[in-house]
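I have placed the structure first, in the form of structure tokens, so that the comments after it can refer back to it.
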Amino acid sequence: MELINHTPYPSLLFRTNLDGDLFACSACAKVTYDITGEGVFLSDAQKWEVYKEITQTTNGYLDSDNVFKRGGTDILLFGKAKSPDGIPVRQMDVVVSINGNLFHTVRVFGNRFWEKSLLGLSISTPESFTEMPLTLENAYGGKAKWDGLEMPFGYNQFGKGYYWQKDDCINNPLPNIEHTTDLIRNWFDQPDPAGVACLPMSALRVKHFIKYNEEGKINSFDARFYNAAFPGMIAPAIAAGDEIAVSGMSSKLFRFKVPDHKINMSVQVGEHKKEWRMYIEQVGIDIERHEAFILYRYPFTYTFRPHEKRVCEIFETV
Numbered sequence: 012m013e014l015i016n017h018t019p020y021p022s023l024l025f026r027t028n029l030d031g032d033l034f035a036c037s038a039c040a041k042v043t044y045d046i047t048g049e050g051v052f053l054s055d056a057q058k059w060e061v062y063k064e065i066t067q068t069t070n071g072y073l074d075s076d077n078v079f080k081r082g083g084t085d086i087l088l089f090g091k092a093k094s095p096d097g098i099p100v101r102q103m104d105v106v107v108s109i110n111g112n113l114f115h116t117v118r119v120f121g122n123r124f125w126e127k128s129l130l131g132l133s134i135s136t137p138e139s140f141t142e143m144p145l146t147l148e149n150a151y152g153g154k155a156k157w158d159g160l161e162m163p164f165g166y167n168q169f170g171k172g173y174y175w176q177k178d179d180c181i182n183n184p185l186p187n188i189e190h191t192t193d194l195i196r197n198w199f200d201q202p203d204p205a206g207v208a209c210l211p212m213s214a215l216r217v218k219h220f221i222k223y224n225e226e227g228k229i230n231s232f233d234a235r236f237y238n239a240a241f242p243g244m245i246a247p248a249i250a251a252g253d254e255i256a257v258s259g260m261s262s263k264l265f266r267f268k269v270p271d272h273k274i275n276m277s278v279q280v281g282e283h284k285k286e287w288r289m290y291i292e293q294v295g296i297d298i299e300r301h302e303a304f305i306l307y308r309y310p311f312t313y314t315f316r317p318h319e320k321r322v323c324e325i326f327e328t329v
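12 is the number of the first residue of the sequence shown in our numbering; add one for each residue after it.
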């Protein structure tokens, strides 16, 4: 299958064989937008790329776009938690809403440490902060030491707060980002890492989206396994006109209205040709830079026959 992209936007064609002469493909295109006080506009610099593998960028680790399809729409937010009016705080919440409905909340703390106390161990009072990066490094996880070896936390090896033994905790840090419904109380607590940016492939996806039977065989599989966002940041769907609002990452409530941008694709196999409008699979917003990207995708299958014309084309319409 050949991909012809008639747009200026980075694109990718995923290909795989399903069975015999049955093939699956998926075309995607990533569009960069500028966010101003007057609205959302196409950016002259289409700098957000599509990735064939996990890639480290200035916005942290970004997952591969080389998948057939995801099971929902990723909401990815890049930036820092910022205290109201720049007044130092010890903790605050970052709250995400979609169309006025509460979608996801994380709690952000200043730096904290495990301290010795009369009761054993206690959490120190959080230090004051005005800004806190919302990165994997500040979520729960990291690497614990065991018998001279480093044991990475399976859900997030880049984070902090994961310890193998009680004595290892003393004077060492806790995570800065937590789920409001699953706050750390004891040194041995192992909550899911919390965040609003990208969570590259990890065992956390297996935990949430693959179920096994008593014999250890897969009983059910959820396509959200391929999503790049934290589980709580996967929306069922996002469409043109939807509004994503974020508090706690800028001086005032940040709003992003999804533009009505018609990115289409057609597939021709032999003499047969069909056209679709590509749907929104990811919305990524860099709040500090006032820019966003939207990843548009459409998956399809076809039967391979030698010498037939096989072409997928991406184009935009008014």
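Ideal Cβ placement from N, Cα and C applies to all residues, glycine included.
Classified as buried, residue 22 has 16 or more neighbouring CB atoms from the shown chains inside 10 Å of its CB. The beta carbon of residue 260 sits closer than 7 Å to the beta carbons of 88, 90, 91, 92, 93, 105 and 298 from its chain, once the five residues preceding and following it are set aside; these are given in chain order.
The C-alpha of residue 215 lies about 14 Å from the C-alpha of residue 244.
Cα atoms of residue 283 and residue 33: separation of roughly 16 Å, rounded to the nearest angstrom.
Approximately 20 Å separates the beta-carbon atoms of residue 85 and residue 301; this is outside 8 Å, ruling out the contact.
Collapsing the DSSP output to three states places residue 214 in a helix.
Listed as beta-bridge partners of residue 16 by DSSP are 325. DSSP places residue 303 within a strand segment (E or B) once states are collapsed to three. Residue 154 is positioned such that its CB atom lies closer than 8 Å to that of residue 168. Nearest to residue 127 by C-alpha distance, out of 305, 251, 179 and 207, is 179. Using a C-beta cut-off of 8 Å, the region 226-246 makes no contact with the region 13-32, since fewer than three inter-stretch Cβ pairs fall below that distance. Distance from the Cα of residue 205 is smallest, within the candidate group 118, 112 and 262, for 118. Residue 122 is positioned such that its CB atom lies closer than 8 Å to that of residue 184. The beta-carbon separation of residue 70 and residue 208, rounded to 7 Å, stays under the 8 Å limit for a contact. Under the three-state reduction of DSSP output, residue 251 falls in the coil class, being neither helix nor strand. Secondary-structure assignment with DSSP links residue 45 through a beta bridge to 52 and 302. In the DSSP annotation of this structure, residue 177 is not part of any beta strand (DSSP E); the continuous alpha helix (DSSP H) holding it starts and ends at 177-180.
Assignment of residue 220 by DSSP, reduced to helix, strand and coil, places it in the helix class. At the C-beta level, residue 305 and residue 291 come within 8 Å of one another. In the structure shown, the three-state DSSP call for residue 260 is coil.
With a cutoff of 8 Å on beta-carbon distance, residue 289 and residue 323 are scored as not near each other. Residue 83 is a Cβ neighbour of residue 247, given a cutoff of 8 Å. Rounded to whole angstroms, the gap between the alpha carbons of residue 181 and residue 36 is 52 Å.
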